[in-house]
Amino acid sequence: MQTSSAAPRLSRLPVARLAFRPLFLLAALFSVLSMVVWFAFWHGDILLRPHGGLMFWHQHEMLFGFAAAVVAGFLLTAVQNWTGLPSLRGGPLLGLVALW
Numbered sequence: 190m191q192t193s194s195a196a197p198r199l200s201r202l203p204v205a206r207l208a209f210r211p212l213f214l215l216a217a218l219f220s221v222l223s224m225v226v227w228f229a230f231w232h233g234d235i236l237l238r239p240h241g242g243l244m245f246w247h248q249h250e251m252l253f254g255f256a257a258a259v260v261a262g263f264l265l266t267a268v269q270n271w272t273g274l275p276s277l278r279g280g281p282l283l284g285l286v287a288l289w
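Each number in the working numbering corresponds to the 1-based position in the sequence shown with 189 added.
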């Protein structure tokens, strides 16, 4: 009889157990912050002009900011369910989130 369990070691932070949790949460916060900055640009409250203009900045942030976080969170969670292999969790997941 074996006394050790084969269950994977879970992270202490519930938000770092599955990839969609931190990435979806930060994508939602990022979208709100981006809308505030976008409205400030259009109202003239922010005089900084990004390289390529406002539309280029908007496209860049939607693709590489918001969409990248949502797609990465979905795929890292779904691949775990599809293949049965463990996905990123804990420190490596938080490192990926910090890199984003």
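Positions of the beta carbon are idealized from the N, C-alpha and C atoms, including for glycine.
Check the Cα spacing between M251 and each of V221, G284, R201 and A205: the tightest is with V221. When the five nearest sequence neighbours on each side are left out, the beta carbons in the same chain lying within less than 8 Å of the beta carbon of F213 are those of A258, V259 and G262, in order along the chain.
Each residue's CA atom was taken as its position, placing L274 and A267 some 10 Å apart.
Between G279 and L202, the gap from beta carbon to beta carbon is short of 9 Å. Inclusion of F255 and L243 in the CB contact set at 9 Å is not warranted, their separation being larger than that value. The residues A205, in chain order, have a CB closer than 6 Å to that of L283 in the same chain once the five nearest residues on each side in sequence are set aside. In this structure A217 is not in contact with L265, their Cβ atoms being roughly 17 Å apart against a cut-off of 8 Å.
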